[in-house]
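Inspection log for the structure reproduced underneath, given as structure tokens.
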Amino acid sequence: MLCWAAVCSHSVLSYHDFKRIGVDDGLPNATIYSVAQDKHGYIWLTSTNSGLLRYDGYTFTEFPLLSPAEHQQVGNQDVGVLLIGRNNTLWAGTWGYGLSRIDGVSGKLHRIVADESSENALAGMYIQTLMEDKDGAVWVGTTLGLNKINPDGSIIRIGSPTSAQPLINQRIWSLAQTEDGTVWIGTAQGLHSYQQSTGLSKAFMLYPDADPQSRDNEIRALTTHHNDLWLGGRNALFRLQQGKLQKIPFFPQQQTPIINVLRFDADNRLLVGTYNGMFRVDPELLQFVSFREQQSLLPNVNVRSIFLDRTGVLWLGSRESGLYFARHNKSAFSALKNLLPTLPAEQFNFTVTSVFAANGVIWLGSADHLYRIDRQQQQLKRYATGGRVNSIRLDQQGQLYAATDVGLYQYNSKLDAISKVTTPFTLAKSSDGNIRDLQIEHNGQFWFGLWGEGVLAWDPASDKVVSYLKEEMRQKVGDAVQAMLLKDKILWVGSRYSGLLRIDTSTGAVLKQGLTGLKLPSDDVQCVEPGPANAVLLCTSKGLILYQPDNKTQQHWHSGNGLPSDNIVGAYTDRRQNIWLLSAKGLTLRPAGTERFITFTRQDGMVATELAFKSIYEDQTGQLLVGTISGMALIEPDLLWVNDRVPQVAISQVLVNNKSLPAQPHTAQWPLIKLTPADNSVEFVFASLDYHDVSRNQFMVRLKGFDKDWLLHSGKNSAYYSNLPSGEYLFEVRGSNNHGLFSEENATVRLVVEPPWWQHRPVQGALLFLVLMLMLGFHQYRLRHIRQINKLLQNSVQERAKAQLILETKVTERTKALEDSSLTLSLRTKQLEKSLLELAKTNKELTRLDKLKDEFISTVSHELRTPLTSIRGAVGLIAQKVVQPESEPYQLLVQTALNNCERLSNLINDLLDVQKFDAGKFVLQRTELDLLDAVQQAVTAMKTYSDKYHVTMLVNTEQLADDFSAAKAGDSRYLVMADPLRIRQVLDNLLSNAIKFSHPGGQVEVMLSSNGREVRVAVKDEGVGIPAAFQHRVFEKFSQADASDSRAKEGTGLGLTICKRIIESHEGQIGFQSVEQQGATFWFSLPVAGKNDSLM
510 MLCWAAVCSH SVLSYHDFKR IGVDDGLPNA TIYSVAQDKH GYIWLTSTNS
560 GLLRYDGYTF TEFPLLSPAE HQQVGNQDVG VLLIGRNNTL WAGTWGYGLS
610 RIDGVSGKLH RIVADESSEN ALAGMYIQTL MEDKDGAVWV GTTLGLNKIN
660 PDGSIIRIGS PTSAQPLINQ RIWSLAQTED GTVWIGTAQG LHSYQQSTGL
710 SKAFMLYPDA DPQSRDNEIR ALTTHHNDLW LGGRNALFRL QQGKLQKIPF
760 FPQQQTPIIN VLRFDADNRL LVGTYNGMFR VDPELLQFVS FREQQSLLPN
810 VNVRSIFLDR TGVLWLGSRE SGLYFARHNK SAFSALKNLL PTLPAEQFNF
860 TVTSVFAANG VIWLGSADHL YRIDRQQQQL KRYATGGRVN SIRLDQQGQL
910 YAATDVGLYQ YNSKLDAISK VTTPFTLAKS SDGNIRDLQI EHNGQFWFGL
960 WGEGVLAWDP ASDKVVSYLK EEMRQKVGDA VQAMLLKDKI LWVGSRYSGL
1010 LRIDTSTGAV LKQGLTGLKL PSDDVQCVEP GPANAVLLCT SKGLILYQPD
1060 NKTQQHWHSG NGLPSDNIVG AYTDRRQNIW LLSAKGLTLR PAGTERFITF
1110 TRQDGMVATE LAFKSIYEDQ TGQLLVGTIS GMALIEPDLL WVNDRVPQVA
1160 ISQVLVNNKS LPAQPHTAQW PLIKLTPADN SVEFVFASLD YHDVSRNQFM
1210 VRLKGFDKDW LLHSGKNSAY YSNLPSGEYL FEVRGSNNHG LFSEENATVR
1260 LVVEPPWWQH RPVQGALLFL VLMLMLGFHQ YRLRHIRQIN KLLQNSVQER
1310 AKAQLILETK VTERTKALED SSLTLSLRTK QLEKSLLELA KTNKELTRLD
1360 KLKDEFISTV SHELRTPLTS IRGAVGLIAQ KVVQPESEPY QLLVQTALNN
1410 CERLSNLIND LLDVQKFDAG KFVLQRTELD LLDAVQQAVT AMKTYSDKYH
1460 VTMLVNTEQL ADDFSAAKAG DSRYLVMADP LRIRQVLDNL LSNAIKFSHP
1510 GGQVEVMLSS NGREVRVAVK DEGVGIPAAF QHRVFEKFSQ ADASDSRAKE
1560 GTGLGLTICK RIIESHEGQI GFQSVEQQGA TFWFSLPVAG KNDSLM
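For the sequence shown, this note's numbering gives the first residue as 510, with consecutive numbering after it.
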């Protein structure tokens, strides 16, 4: 297992990558004089013109240190020093405005100022240093003297100029206390000690012979280690041990810079903050030691304060350069430049695409070169490949091969050169090949994963090649083999678009069946690697799958359960069964036997955070070699520092309607927050108070009463809610550190959303009471009203009882009379009903006759008026002798008059026929009739009429759609018992209608057929057809599709009515079929002679 945290961290602790927080990051002022941490985990800062600042890793919150009146008068103040006492009381020393105390229990501000008239007042208004001793007393060093504030609040002056034991100089620079209880006082001209029993000692000077006007004896910084006292002056560092002062030599031929602050770190090394950065001293060797290659960190920064917080983060406050912080831990990470320190660092700054190590040599692949690094010889060589190196493998004979985008290369150790291997691709009759992955079996067989060409197997011993999955890869444009794994004679193949495929290497069969229990989140499989306990790791663009073939189960790891990114490009299981995952957001470790994900980035010491390829290798010593976009990172797993400190989480800010509520400096707890109906939003801002890398801190939040479950917030430290229903809520938040360890306790805020005034229970109770009272009053009113009604009803009942007796007598008398009258009325009612029924029938017949009269008048008036007008015109011209007798116009006028007379005669005959039908006086003169002969006669007779309309007539005796059989004229099948004149009347009517409504040049076809039982005649035209809306009225009297006076076709509308009466009188049938604008077919059928013969 890994050696975690600080158990083995001493003597190798280091600092990495100081981060700067400046004005652009929200820091109000770039000068930081003091840094401290309260018990809740907040970082506190003092600065110029910005007061007291609290930092949660994201934002700075300012707290006033002056009373409102003072603040209004002087504005923001300079705060030079801060002390957080053991009871979380904040002591802030200002520069010119005395001392401010914020009580750790109540949060009240108490001001302590100087008063020249009082010996027990503060010595000066400019506070230089503060210290809390073992008894809880606070020592206050000012520019004008020293004070001690006892726990009971009393203030005493120590070493005043008028006292028996005055200070050598009243300006106090520094204070410290050793384990024996001695308080050490550093002044502008020397050092004093103070003990409760003996009081103030005589001054001890660093340079007794120095000029009194010089500042050589200025004790600017003090710190203690057990009973040893360390002193920082303007030009040297000293240690005072058992009364012996020893100067610590600086680096050769250099002058010690001005010292501002002294602090011991977790490794018991002394950190020295100076005008020229931070230095380090080994207390045992009594000498300054370098930070790796450099003597100091931040050499151009004036370091004014040093603070090591509880999580191991080192904070440096500077003069006009901002705030710096870095992690203080073991160094498990190194880079290529550490292996080859003599070579220029820029040679190692390239993207590493593949990694391999053997026999003390490291092999690296890049976009266009293969690199060979000899650790023993401290040499680096590179070989041009012309393409990206995707995989580096060693065969059983120790021969090294590199698979690239442009083919396969082999390294020749004797020639120290690489050469291209083309044999397998020549045998396969393909190009040199874009090889994405390479696997070499123990028997020497090569397996190439190709771009767009599937998998190629090559046996160098027999020079045979076999291609697999070529067709599968070609089905999708851009598909490629991205990764392969040889496991138990099965080749697992991860593709770009086709998911996971498998090949049986012993038989060469492609295994089509899917793996039971395996469900890939994405078909983009970027790596296939062996996992712990015979598992298989599958990297996809949507997370990593850990598949167990033994029990057919899988685990899906993704950003929702701890990974920094869903796109996993590589994975590796080390010899300790720890799993390492590679992504663009760092190197992630899942320690064996845990469910925790720990991600390492550049902040942890990696060369770069972004890992773009599956380039990771474990050498024989257990060291991991990882390729990044900025070179190779070397990792010593045994030295890895993992942040196992449980973080504190706090809710640092609450905003209602986007306005921040006032925070309290002394506590991290929030009082009950009430939202009125006018408050429609609330936002909680929280922080995990672990400052190693706040961007990787995660949060689990839940608003109890609203959220059903915990919500994971990555990269976001706030939760926003709007339009919450009225009720009580509890907001809870848990936070993690940069390595994914969550806090054990939740930070909470109670929230009450008040309902509108009408939803308050007292108001609802009052409204309910009012409604009940109204209901009760209404009920009482109703009771009184009912009582009055009951009284009136009783009186009325009594009066009605009397009247009832009289009424019953009269009713009995009248009942007898009514019975007699009822019998008479019943008889008369029956007679009346009979009369009304007869009257209704008569009325219905009169209505029908009235309608017929109107139709008759309308039609006859039109049909009479037209021929009469023609007759009158022709006769008038003859009478006026306009034309000469015997002339052609004369004959034309006479013929016109005769034709219209014939038309009038036909109209009158039609009317008489209809009248006969209606009167039941229509008589048929039946005889045996040959219908074929009758049809031909009718067609011949209508020849002149058809020529007038330019219509051709045709008689057809062929079979029709109703399966009638064709026959010749004279055949007994066409003989019917019928009235020849009436049948001729029907034929003439149907033919004239067909001709009249046909288009010029059209054709009228007469079709005759018989089936042995009936003879059927059909007249088909190619005219305008019958509108669908009119078809149900075709056989009604006086019915015409165009019944207007301006219609183009003459007629009375009686022809088809007469035809229907005639055919039905012959026990026949008549009908039609028509489609508008496609013509019409009228047909009738009569029984064959001998069938239903009877005379009417």
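Where a beta carbon is used, it is the ideal one built from N, C-alpha and C, also for glycine.
{"Asked": "Between D914 and the rest of its own chain, which residues show a CB-CB distance below 6 angstroms, the 5 nearest in sequence each way excluded?", "Found": "G896, R897, N943"}
{"Asked": "On the criterion of 16 or more Cβ atoms from any shown chain inside 10 Å, does N1352 qualify as buried, or is it exposed?", "Found": "exposed"}
{"Asked": "Tell me whether T1356 is buried or exposed, calling it buried when 16 or more other Cβ atoms sit within 10 Å of its Cβ.", "Found": "exposed"}
{"Asked": "Check whether the segment 628-643 touches the segment 1196-1216, counting contact only when three or more Cβ pairs, one atom from each stretch, lie closer than 8 angstroms.", "Found": "no"}
{"Asked": "Comparing C-alpha positions only, which one of A841, P850, A912 sits nearest to W872?", "Found": "A912"}
{"Asked": "Within 10 Å of its beta-carbon, does I1315 have 16 or more other beta-carbons around it, so buried, or fewer, so exposed?", "Found": "exposed"}
{"Asked": "What does the alpha-carbon distance come out to for the pair S1555 and L1345?", "Found": "At S1555, the pLDDT of 43 sits below 50, so the modelled position is not reliable and the matter cannot be decided from this model."}
{"Asked": "Q674 to V544, Cα distance in whole Å?", "Found": "33 angstroms"}
{"Asked": "Is the beta carbon of G550 less than 8 angstroms from the beta carbon of L1198?", "Found": "yes"}
{"Asked": "T723 to Q888, Cα distance in whole Å?", "Found": "Correcting the residue identity first, residue 723 is Ser in this sequence and not Thr. For S723 and Q888, the distance between alpha carbons rounds to 56 angstroms."}
{"Asked": "Return the chain-ordered ranges of every alpha helix (DSSP H) run that is complete within the segment 642-669 and spans a minimum of 4 residues.", "Found": "none"}
{"Asked": "Between the beta-carbon of S1594 and the beta-carbon of V1524, is there less than 8 angstroms?", "Found": "yes"}
{"Asked": "Once DSSP output is grouped into helix, strand and coil, what is the label at T1405?", "Found": "helix"}
{"Asked": "Can you tell me which residues form a DSSP beta bridge with V1485?", "Found": "L1438, V1597"}
{"Asked": "With DSSP as the reference, identify every bridge partner of M1141, one or two as the case may be.", "Found": "G1136"}
{"Asked": "State the Cα-Cα distance for the pair L1565 and T1338, rounded to the nearest angstrom.", "Found": "47 angstroms"}
{"Asked": "With a cut-off of 8 angstroms on the beta carbons, I'd call C1048 and Q1035 a contact; round off their distance for me.", "Found": "4 angstroms"}
{"Asked": "Is it true that the segment 675-693 meets the segment 644-658, where meeting means three or more beta-carbon pairs spaced less than 8 angstroms apart?", "Found": "yes"}
{"Asked": "Please report how far the alpha carbon of K1477 lies from the alpha carbon of I1567, in whole angstroms.", "Found": "Because the pLDDT at K1477 is just 45, under 50, the model does not fix this residue reliably, and the value given afterwards should be weighed accordingly. Each residue's Cα considered, the two are about 29 angstroms apart."}
{"Asked": "Taking C-beta to C-beta, are L947 and V930 nearer than 8 angstroms?", "Found": "no"}
{"Asked": "According to the Cβ coordinates, are E1585 and I1535 closer than 8 angstroms?", "Found": "yes"}
{"Asked": "Within 10 angstroms of its Cβ, does S1231 collect 16 or more other Cβ (buried), or is it exposed?", "Found": "exposed"}
{"Asked": "Identify whether R563 lies in helix, strand or coil by the three-state DSSP scheme.", "Found": "strand"}
{"Asked": "Per the contact definition of three or more C-beta pairs closer than 8 angstroms, is the segment 569-581 in contact with the segment 594-611?", "Found": "yes"}
{"Asked": "Would you mind stating whether R828 and T1118 have Cβ atoms separated by less than 8 angstroms?", "Found": "no"}
{"Asked": "Just the Cα atoms here: how many angstroms apart are H878 and E855?", "Found": "16 angstroms"}
{"Asked": "CB-CB under 6 angstroms to A1557, same chain, minus the five flanking residues each way: which ones, in chain order?", "Found": "Annotation note: pLDDT 48 at A1557 (below 50); position unreliable, coordinate value reported separately. Result list for A1557: empty, nothing under 6 angstroms."}
{"Asked": "Rounded to whole angstroms, what is the Cα-Cα separation between V1515 and V1528?", "Found": "5 angstroms"}
{"Asked": "Quick one: measure Cβ to Cβ for G699 and N726, integer angstroms, because I've assumed they're closer than 8 angstroms.", "Found": "5 angstroms"}
{"Asked": "Please classify W1150 as buried or exposed, where buried requires at least 16 neighbouring CB atoms within 10 angstroms.", "Found": "buried"}
{"Asked": "To the nearest angstrom, report how far apart L1027 and N1043 are at their CA atoms.", "Found": "15 angstroms"}
{"Asked": "Output the distance between the C-alpha atoms of K973 and D941, rounded to the nearest integer angstrom.", "Found": "16 angstroms"}
{"Asked": "Per DSSP, which residues does Q888 bridge with? Please list them.", "Found": "D883"}
{"Asked": "Considering only the beta carbon of each residue, do N585 and K548 sit closer than 8 angstroms?", "Found": "no"}
{"Asked": "Kindly indicate which residue of G786, V1194, L806, G1040 has the alpha-carbon position closest to the one of D526.", "Found": "L806"}
{"Asked": "Could you say which of L1090, G668, D1442 lies nearest to T1082 if we only look at CA atoms?", "Found": "L1090"}
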